[in-house]
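Protein chains in written order, with the numbering used here: chain A, 72 to 232; chain B, 81 to 712; chain C, 1259 to 1360. Report on the structure given below.
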Amino acid sequence: MNPLVFLLLAVLTVAAAISVVVTANPVHSALGLVVTLFLLSVFFVALDAQLVAVLQVIVYAGAIVVLFLFVVMLLNLQGERRLTGGMGLLVAAIAGALAFTALLVTLLGRSAPAPSTTVPAGFGETQALAQRLFTSHLLAFELTSVLLLVAVVGAVALSRR
Amino acid sequence: MVTETTTLRWIIALPAAGVLFHLLLGARWPRAVKVVGPGVVAVAFGVVVASALQLFRLAPGAALHDRVYTWIVVGPFQADAALRLDALSAVMALVVTGVGFLIHVYSVGYMHGDQGLARFFAYLNLFMTAMLILVLADNLLLLFVGWEGVGLCSYLLIGFWYDKVENAVAGKKAFLVNRIGDAGFLLGLFLLVTTLGTHGVWTLDVTAIEQHLSHLANARTVFGWPVPTVVCLLFLVGATGKSAQIPLYVWLPDAMAGPTPVSALIHAATMVTAGVYMIARLHALYALAPVALMVVAAVGTATALLAAVIAIAQTDIKRVLAYSTVSQLGYMFLAVGVGASGAAVFHLVTHAFFKALLFLGAGSVIHGMGGEQDLERMGGLRRHMPITFWTMTIATLAIAGVPPTAGFFSKDEILHAAVSGPQALPILGVIGFVVAFLTAFYTGRLLFLAFLGECRASEEVQHHVHESPAVMTIPLLMLGVLALVGGALPVPETLVPVVGHAETGETPLAMLALASALALGGLALAYTLYVRLPGLPLVLAWRLGRAYTLVRDKFRVDELYDVLVVRPLFALAGLVAWPVDEGIIDGTVNGLAVLVGTTSGVARRLQTGNVQHYALSFLFGALLLLGYYAFR
Amino acid sequence: MNPTPLSWYLGLSAVLFTVGVLGVLVRRNVIIIFMAIEIMLNAVNLAFVAIARSLGSMDGQVMVFFVMTVAAAEAAVGLAIILAVFRSRETTNADELMSLRW
């Protein structure tokens, strides 16, 4: 991807993410989250992960965020007056977060391998993903389906009166 | 010439079995206790008699030896639990079991109806066991076991009626004072065994010690003092504790808090003689230390004089006899100190007879008067208690030394050796004569105040006064016979092979006459003051004023010890108890608890319950990890 | 085709992750906290995909697949818990949900 395009999209993504965290109204946060997810999907396409990009839109933006919105509406949440839990916590969190970022960037930048400009044919497509998924990661796949079952049962059990 | 045998152990095993019986089954069969208690002692006496007969059929200087088992083996040092019956221990064992048996029988009557009868006989049998171990031990370590054992029994029996706190206090005092003596004894043992050890002889067997005396004779201690002298003086410290000599005699008068049979057995006839026995047994060692012998004689004489003077002014019947015992023990120490161990043991035997008789008679009086012990409230008991009176009279004559009683012969041997024996110290002999006069005086005083004259007791008591039952009077009679004729026993001659001869020759007639005159004179003076002219003693006491009260208050020695020793010790203990025990030790332990509490009080504030705070700490943890990897 | 180095993608992932962390730590409304968690997960997804592209291996994308699945399950159960808590406590304020304190 053209670096300039990357930069533009990156700034937008970070701005959207910040808006999720900063706004008072939960519905506005959810909206910001959707924007973030869409932008990330764009990045996925640029990185030859087409299937994952589509799944991101369908599952994440389409289902999970909708679920969030259901709950927000159900609880009829208003915007809060005071956003954060005290000045000390805010200061400590920001300081820690900045240090964290710095360290992460240092580390990640240090050990990043050189990107290959060519990828195998069919990279990122459904066939390739499925081939990996159902052979070497079969056990994880099966366990994940059990996990989903458990989550469904749990959600139903927890929300009963 | 030593003969091995296995019978000696039964002398000790029988009273020990009695102890077990009384402890385990005595509460259930009280009637059996009255039989078993004296019974085991009687059988033990029989065994002693048989063994003694066997012994005396052998050559003089022979001994029976019973090696029961190997007791201690530590490197080169070995101590066996071995018993030895030679002339000296045979005489002691006969006295202990014989007089002991009579006192056991007497106790059946005296302690009749007491709640703790089984416990009493258990302790009494235990005492017999320990005393016989002491007397028959072949080995100083085993002797010490018996030594400690009789001390324990003394404590148990003095405080027998423990519901009265003063009895317990008296028992404690006896034990503690004895302990001081025991410390000296132990130090002597240590020095002895290490000195012998440097010559390769690692043992405390008496016979072995006697064989290797040459090693000791030239040995010097760290400070340059000759070892035999130091060892003998240390043993003397132990003996003064056990035999109530200066300075450790203070427990004996207080020990009268125990039942009278206990006073008779332990504090007159047997236990208190252990010190004399020990020195007699080790006479060969003492022969190497003439200085120590002089100290022994001096201590004995001083004690005899002091105790006799105090006895004159006492009003409690048992206290008079207690000081009398201290005084007579002083005579025995004088005897061993001038090298006449045979005379000392002879006096030990006769003293056992007449002193036990005096105590049992006093017990009979106390029993008959319903518990009264104050001489000033007695009098005229001769009519009500004739047997007691006549036997007490015999005992008085014996202790005074009126011929031909037993006491006359034994006391005379001592005085003769003191004045003109080979190691004589004539000045001490002269004091000995003075004490003889005083002895006659205070014992006569006791007899006359109690039995003659008008009865000073209340009407009610006079109604109830009665003679004691046969179980108590028969032992009195038997002891009376022994006190009369016991002088004929050839004790010193028998002991020659073991303890040597004082080389005194026949006692000059003049000395015999002087001793008899002093005895009769003392008795006559007592008769005059307490029967003929009853008001005179009071006048004299008033005239003497301060001096009299000082004597009556036993020269305030107990008070002196209290100030010099007891209070500083308490202060020292307090010094340790509060700052060290409560402050430092408790402080440390409590301080640790407080520390834990404070730390947790601070640390628990981390548990805010706010999940976001916890997440923050996750973040910081991740920071640390990343930082580590980033700057590695 | 892309001259944008891999490290840029990783850097973006790091920044997004940090934004999510801040949201978790600072906001009081539990729903917003959950959304911040989703942001964190997505940042990780980005990192996986970028490195998968760089290494030429599909395993990274399989990982993303699983992350999405688990995130969905987690969101469902978590929101159900919030509902239950809201029913009994009448609040979605994280500050007031601290009965496990000292």
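Where a beta carbon is used, it is the ideal one built from N, C-alpha and C, also for glycine. None of these values were measured; they are calculated from a predicted model.
Its chain contains ALA478, GLY481, VAL482, GLY567, ALA595, SER596 and ALA599 as the residues whose beta carbon lies nearer than 8 Å to that of B/PHE488, once the 5 sequence neighbours on both sides are disregarded; these appear in chain order. With respect to A/LEU104, C/THR1327 sits apart: the two C-beta atoms are not nearer than 9 Å. Between the segment 679-697 of chain B and the segment 133-151 of chain A, the count of C-beta pairs closer than 8 Å stays below three; the two stretches do not touch.
Where A/PHE114 is concerned, the enclosing alpha helix (DSSP H) starts and stops at 97-117. In the displayed model, B/ASP285 falls within a strand according to three-state DSSP. The C-alpha of B/GLY338 lies about 10 Å from the C-alpha of B/LYS398. Under the 8 Å Cβ criterion, the segment 341-356 of chain B counts as touching the segment 179-186 of chain B, having at least three qualifying pairs. In the DSSP assignment, B/GLU246 falls outside any beta strand (DSSP E) and within the unbroken alpha helix (DSSP H) covering 245-277. When Cβ pairs closer than 8 Å are counted between the two stretches, the segment 293-307 of chain B is seen not to touch the segment 353-360 of chain B, the count staying below three.
Going by DSSP, B/PHE433 is part of no beta strand (DSSP E) but of the alpha helix (DSSP H) stretching over 421-448. Neighbours of A/GLY167 in chain B, taken as residues at a C-beta separation under 8 Å, are given in chain order as LEU696, LEU699, PHE700 and LEU703. With three or more CB-CB distances shorter than 8 Å, the segment 1324-1341 of chain C counts as touching the segment 220-228 of chain A.
Scanning B/GLY459, B/ALA432 and B/VAL121 for the CA closest to the CA of B/VAL611 turns up B/GLY459. Look at B/GLY707: its C-beta is under 9 Å from a C-beta on chain A. If you look at B/PHE700, you'll find it isn't in any beta strand (DSSP E); it sits in the alpha helix (DSSP H) that goes 691-710. Residue-level contact by beta carbon holds for A/ALA163 and chain B, with a gap shorter than 9 Å.
With respect to the C-alpha of B/ALA299, the residue from B/GLY280, B/GLY268, B/LEU276 and B/TRP282 having the closest C-alpha is B/LEU276. Neighbours of A/GLY195 in chain C, taken as residues whose beta carbon is under 7 Å from its own, are GLN1319 in chain order. If you look at B/ASP146, you'll find it in the beta strand (DSSP E) that goes 143-154. Under the three-state reduction of DSSP, B/VAL545 is assigned to coil, being neither helix nor strand. For C/PHE1323, the closest C-alpha among the options A/VAL136, A/LEU160, A/PHE139 and A/PHE115 is that of A/PHE115.
Comparing alpha-carbon positions, the option among B/LEU532, B/VAL541 and B/ARG457 lying closest to B/ARG463 turns out to be B/LEU532. No Cβ-Cβ contact shorter than 9 Å links B/GLY264 with B/ALA250. The C-alpha of B/GLY106 is placed about 11 Å away from the C-alpha of B/VAL115.
Listed in chain order, the positions of the segment 1281-1297 of chain C with a beta carbon within less than 8 Å of a beta carbon of chain A are GLY1281, LEU1283, VAL1284, ARG1285, ARG1286, ASN1287, ILE1289, ILE1290, PHE1292, MET1293, ALA1294, GLU1296 and ILE1297. Distance from the Cα of B/ALA122 is smallest, within the candidate group B/GLY178, B/ALA97 and B/TYR522, for B/GLY178.
The C-alpha of C/ILE1340 is placed about 25 Å away from the C-alpha of B/LEU686. B/PRO370 carries a helical assignment under DSSP once its states are collapsed to helix, strand and coil. For B/TRP622, the number of other beta carbons within 10 angstroms of its own is below 16, and it is reported as exposed. Among the residues facing chain C, A/PHE139 is included, as its CB has a counterpart in that chain under 9 Å away. For C/ASN1287, the beta-bridge partners assigned by DSSP are C/ASN1351. Look at C/ARG1347: its C-beta is not under 9 Å from any C-beta on chain A.
The segment 434-449 of chain B makes contact with the segment 550-564 of chain B: 3 or more CB pairs, one atom from each, lie closer than 8 Å. At a cut-off of 9 Å between C-beta atoms, A/ALA170 counts as an interface residue with respect to chain B. In the three-state scheme derived from DSSP, where H, G and I count as helix and E and B as strand, B/ASN219 is classed as strand.
Against chain B, a Cβ distance below 7 Å from C/VAL1279 picks out LEU699.
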